[in-house]
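The opening position of the sequence shown corresponds to residue 18 in our numbering, with each subsequent residue numbered one higher.
Cβ coordinates follow ideal geometry from the N, Cα and C atoms, glycine included.
These numbers come from a predicted model, not from an experiment.
Data first, discussion second: the structure below is written as structure tokens.
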Amino acid sequence: MSGVKSSKSDAGGKAATPRVIKKYPNRRLYDTETSSYITLAEVRQLVMDSELFVVRDAKTNEDLTRSILLQIILEEEAGGAPMFTEAVLANIIRFYGNSMQSFMGAYLEKNVQTFMDLQVKMAEQSKGLSPEMWAQFMNAKSPMMQGMMGNYVEQSKNVFTQMQEQMQKQSEQMLSAFGLKR
């Protein structure tokens, strides 16, 4: 099932059922859990709260989750503090239709997850810090920060190496299928 992934589960340890949001032709979003219309900002808050949800077309039941998430990103990018430069966006566009598209998607997903894990670890380690201690913690020269960033860089390098190895295996399989050997 598609939807925004979350690690939440019910008391029995089973994966929770995603919250269903219906999108109507008038572009309104209806939250079936609260039986009320919601805004895109409220859907964004669901994402921020790591709520498991899926957005479905009210008429066809088509999964529209990705398009809604892209719409939220578009609004955030237009909001004055964009995350992506024009060069990054242009490079992402260039990967569509490219033989590397699936590899790039997997690489970005793993890298963002690694970065999110680092962020969680930083939040855990910084609980109870005063503003002065937080500033010191965030100093790029602090041993703790260097260790965490070093971990992130190492994990990022490992993801890239795995991607390269996967590409090499696929190339070898393709060449072997054509009777060519490396």
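Once the 5 residues before and after residue i are set aside, which same chain residues still bring their CB inside 6 Å of it?
i: residue 94; result: none
i: residue 118; result: 112
i: residue 115; result: none
i: residue 52; result: none
i: residue 59; result: none
i: residue 18; result: With a pLDDT of 45 at residue 18, under the threshold of 50, the modelled position of that residue is not reliable, and the figure given next carries that caveat. Once the five neighbours on either side are set aside, residue 18 has no close Cβ partner at all.
i: residue 127; result: 176
With a threshold of 16 other CB atoms inside 10 Å of the CB of residue i, please say whether the residue is buried or exposed.
i: residue 46; result: buried
i: residue 91; result: exposed
i: residue 70; result: buried
i: residue 35; result: buried
i: residue 24; result: Interpretation of residue 24 is limited by its pLDDT of 42, a score under 50 that renders its predicted location unreliable; the figure taken from the coordinates is listed afterwards. Label assigned to residue 24: exposed.
i: residue 72; result: buried
i: residue 57; result: exposed
i: residue 87; result: exposed
i: residue 106; result: exposed
Let me check one thing: in DSSP terms, what residues is residue i bridge-paired to?
i: residue 36; result: 70
i: residue 53; result: 48
i: residue 80; result: 73
Check the C-beta distance from residue i over to residue j and give it rounded, since I have them as a contact under 8 Å.
i: residue 75; j: residue 54; result: Wrong, their Cβ atoms sit about 12 Å apart, outside the cutoff.
i: residue 61; j: residue 89; result: 5 Å
If distances are taken between C-alpha atoms only, which option among the options comes closest to residue i?
i: residue 109; options: 97, 99, 98, 122; result: 122
i: residue 44; options: 51, 35, 81, 63; result: 81
i: residue 131; options: 185, 99, 77, 171; result: 171
i: residue 129; options: 98, 174, 48; result: 174
i: residue 64; options: 83, 186, 49; result: 83
I'd like the list of long-range same chain contacts for residue i, defined as Cβ closer than 8 Å, with 5 residues on each side in sequence excluded.
i: residue 182; result: none
i: residue 79; result: 73
Quick one: what's got a C-beta closer than 7 Å to residue i's C-beta in the same chain, skipping five residues either side?
i: residue 186; result: none
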